[in-house]
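Peer 1: By the working numbering, the letter at position 240 of the sequence shown is numbered 1487, and the numbering carries on one by one without gaps.
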Amino acid sequence: MRKALGRGIDSLITKVQDNDISGDIVQKIPVDKIRPNRSQPRRNFDEAKLAELAESIKERGLIQPISVWKDSGDDQYELLAGERRLRASKLAGLTEIDAIVKKDLNDEQKLALSLIENIQREDLNSIDTALAYRQLMDEFGVSQADIAHRVGKSRAAVSNVLRLLDLDEDIRQGIQSGLISEGHARALVSIPDSARRIEFFQRILAEKLTVRDIEDFARGFHATRPDSGRKPRGTARKSPEVLQLESELEKHLGTKVQVCPGPGPENGKIVVHYFSLDDLERVTQIFRK
1248 MRKALGRGID SLITKVQDND ISGDIVQKIP VDKIRPNRSQ PRRNFDEAKL AELAESIKER
1308 GLIQPISVWK DSGDDQYELL AGERRLRASK LAGLTEIDAI VKKDLNDEQK LALSLIENIQ
1368 REDLNSIDTA LAYRQLMDEF GVSQADIAHR VGKSRAAVSN VLRLLDLDED IRQGIQSGLI
1428 SEGHARALVS IPDSARRIEF FQRILAEKLT VRDIEDFARG FHATRPDSGR KPRGTARKSP
1488 EVLQLESELE KHLGTKVQVC PGPGPENGKI VVHYFSLDDL ERVTQIFRK
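#1: Rounded to a whole number of angstroms, what is the C-alpha to C-alpha distance between E1325 and A1403?
#2: Cα-Cα, which of R1459, L1352 and G1421 is closest to L1452?
#3: For a minimum of 4 consecutive residues, which ranges assigned as the alpha helix (DSSP H) are wholly contained in the region 1321 to 1395?
#4: Kindly list the residues whose CB is nearer than 7 Å to the CB of V1530, restricted to its own chain and excluding five residues on each side of it in sequence; keep chain order.
#5: Once DSSP output is grouped into helix, strand and coil, what is the label at I1268?
#6: So what does DSSP say about Q1274, is it helix, strand or coil?
#7: Beta-carbon within less than 7 Å of I1272's beta-carbon, same chain only, minus the 5 sequence neighbours each way: which residues are those?
#8: Hey, how far is the Cα of L1411 from the Cα of I1418?
#9: How about I1438 and F1464: are their beta carbons less than 9 Å apart?
#10: Taking all protein chains shown into account, do 16 or more other C-beta atoms lie within 10 angstroms of the C-beta of M1317, making it buried, or fewer, making it exposed?
#11: Verify whether the separation of the beta carbon atoms of L1297 and L1338 is less than 9 Å.
#12: Specify whether the region 1373 to 1392 and the region 1354 to 1363 touch according to this definition: at least 3 beta carbon pairs, one from each stretch, less than 8 Å apart.
#13: Helix, strand or coil: how does DSSP classify A1533 here?
#14: Can you tell which of E1462, G1509, R1466 and L1496 has its C-alpha closest to the C-alpha of K1485?
#15: Output the distance between the C-alpha atoms of K1357 and I1313, rounded to the nearest integer angstrom.
#16: What's the gap between the Cα of V1398 and the Cα of E1306?
#17: In whole angstroms, what is the alpha-carbon distance linking I1533 and E1513?
#18: Can A1328 and N1284 be called in contact, C-beta distance under 9 Å?
#19: Which residue comes first and which comes last in the alpha helix (DSSP H) that contains G1421?
#20: Would you decide whether N1372 is buried or exposed? Buried here means 16 or more other CB atoms lie within 10 Å of its CB.
#21: Span of the beta strand (DSSP E) holding Q1449?
#22: Expressed to the nearest angstrom, what Euclidean distance is found between the alpha-carbon atoms of E1302 and R1332?
#23: Between which two residues does the alpha helix (DSSP H) containing Q1491 stretch?
#24: What is the rounded straight-line gap between the Cα of A1379 and the Cα of E1462?
#25: Where do the ends of the beta strand (DSSP E) carrying G1399 lie?
#26: Taking C-alpha atoms, which residue in S1424, E1454 and V1458 lies nearest to V1436?
#27: What are the boundary residues of the alpha helix (DSSP H) that includes G1430?
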């Protein structure tokens, strides 16, 4: 259900921060008394990094307490922020954990506080961050400008992260699991054709294409696609047969191909693009077969 907050999310969070002064305390609570956070932005937890954090907790203890909420009539706590720390503490064999216990929060305040605290963590991947932004917008009617102000980023930065939600599911999962960088993702989202995005995602994994490689292809794609705008004077519109031939050659070669008819019906040229030296070698090997 969409809600409008009027003055924005700051007015809601301020009420929560006011409560911090009056009643919140840090205490040790049993880990088995903490139930998961339904609004946890993080979708993937790296098991190796969790194990490293667990070892650190064993040696030095938990440096930063988690945040939980407790209803006065309930013996269970609801996690607000710190699921990674909670999981690692369980791996470390702890039966109790330091927690900031927040009280007197309504559902809106719990959700907003949880999302904001998790978004502000630097190790949250860009897709999970975008999903958290989207949840704030959908459930509270918060604007992109308001989110940007609250998390200390520019409005353009928030907008760019939200654009990543337009990517194909395989690519989004690749970002969440760390297979590709956010830079690769930003380059891929500028390619409007889904099939080509998937193709280049797979090539990033197989051939280690750089962000610059993808950006170069995206610029070429926009400059030469049939619907890219007004044609230069003297350039004929390509026939369906030529466009089909380009598509078949691109599929066979795995790269961008342009079939350019000449001034006469029986001449012209074929331009084969490459985006790295490895790409050039790969295409050259295909021609040599």
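No residue lacks a Cβ here, since even glycine has one placed at the ideal position from N, Cα and C.
Just so you know, these numbers come straight off a predicted model, no measurement behind them.
Peer 2: In this structure, then:
#1: Position 78 of the sequence shown, counting from 1, holds the residue named residue 1325. Position 156 of the sequence shown, counting from 1, holds the residue named residue 1403. Each residue's alpha carbon lies about 33 Å from the other.
#2: By one-based count along the sequence shown, residue 1452 stands at place 205. Checked all of R1459, L1352 and G1421; the closest Cα to L1452 is G1421.
#3: Fully enclosed alpha helix (DSSP H) runs of 4 or longer: 1330 to 1338, 1354 to 1366 and 1373 to 1387.
#4: In the sequence shown, the residue the question calls residue 1530 occupies position 283. Hits under 7 Å: L1500, T1502, V1519 and Y1521.
#5: On the sequence shown, residue 1268 is found 21 positions in, with the first residue counted as 1. Low local confidence applies: a pLDDT of 37 at I1268 is under 50, so the model's placement there is unreliable, with the coordinate-based value given in what follows. Reduced to three states, the DSSP call for I1268 is helix.
#6: What you label residue 1274 is simply residue 27 of the sequence shown in a count that begins at 1. When DSSP states are grouped into helix, strand and coil, Q1274 belongs to the strand group.
#7: In the sequence shown, residue 1272 corresponds to position 25, counting from 1. The answer, listed in chain order, is V1348.
#8: Counting from 1 along the sequence shown, the entry for residue 1411 is found at position 164. Counting from 1 along the sequence shown, the entry for residue 1418 is found at position 171. C-alpha of L1411 to C-alpha of I1418: approximately 9 Å in a straight line.
#9: By one-based count along the sequence shown, residue 1438 stands at place 191. By one-based count along the sequence shown, residue 1464 stands at place 217. Yes.
#10: Position 70 of the sequence shown, counted from the first residue, corresponds to residue 1317. According to the sequence as given, residue 1317 is Lys; it is not Met. With a 10 Å radius around the Cβ and a threshold of 16 neighbouring Cβ atoms, K1317 comes out buried.
#11: Counted from its first residue, the sequence shown places residue 1297 at position 50. Counted from its first residue, the sequence shown places residue 1338 at position 91. Cβ distance < 9 Å, so L1297 and L1338 count as in contact.
#12: The region 1373 to 1392 vs the region 1354 to 1363: in contact.
#13: Working through the sequence shown from its first residue, we reach residue 1533 at position 286. Note on residue identity: the sequence assigns Ile, not Ala, to residue 1533. Collapsing the DSSP output to three states places I1533 in a helix.
#14: As a first step, residue 1485 is located in the sequence shown; it is residue number 238 there, counting from the start. Comparing Cα positions, the closest option is G1509.
#15: Here the question's residue 1357 lines up with position 110 in the sequence shown. Here the question's residue 1313 lines up with position 66 in the sequence shown. So the alpha carbons of these two residues sit roughly 14 Å apart.
#16: Position 151 of the sequence shown, counting from 1, holds the residue named residue 1398. Position 59 of the sequence shown, counting from 1, holds the residue named residue 1306. When rounded, the separation of the alpha-carbon atoms in V1398 and E1306 is 32 Å.
#17: As a first step, residue 1533 is located in the sequence shown; it is residue number 286 there, counting from the start. As a first step, residue 1513 is located in the sequence shown; it is residue number 266 there, counting from the start. Rounded to whole angstroms, I1533 and E1513 show a C-alpha spacing of 25 Å.
#18: Within the sequence shown, residue 1328 is the residue found at index 81, counting from 1. Within the sequence shown, residue 1284 is the residue found at index 37, counting from 1. Yes. Within cutoff.
#19: The residue given as residue 1421 occupies position 174 in the sequence shown. Where G1421 is concerned, the enclosing alpha helix (DSSP H) stretches over E1416 to Q1423.
#20: If you number the sequence shown from 1, residue 1372 lands on position 125. Buried, by the Cβ-count rule.
#21: Taking the sequence shown and counting its residues from 1, the one referred to as residue 1449 is at position 202. That residue, Q1449, is in no beta strand (DSSP E); its alpha helix (DSSP H) goes S1441 to E1454.
#22: The count along the sequence shown starts at 1 and reaches residue 1302 at position 55. The count along the sequence shown starts at 1 and reaches residue 1332 at position 85. Put simply, the backbone Cα of E1302 is about 12 Å away from that of R1332.
#23: For the purposes of this step, residue 1491 is taken as residue 244 along the sequence shown, with counting starting at 1. Its alpha helix (DSSP H) spans residues P1487 to L1500.
#24: If you number the sequence shown from 1, residue 1379 lands on position 132. If you number the sequence shown from 1, residue 1462 lands on position 215. Approximately 27 Å, taken between the alpha carbons.
#25: Taking the first residue of the sequence shown as 1, we reach residue 1399 at position 152. G1399 -> no beta strand (DSSP E), and no H or E assigned at all.
#26: Along the sequence shown, one-based indexing puts residue 1436 at 189. For V1436, the nearest C-alpha among the options comes from V1458.
#27: On the sequence shown, residue 1430 is found 183 positions in, with the first residue counted as 1. Run containing G1430: E1429 to V1436, per the alpha helix (DSSP H) assignment.
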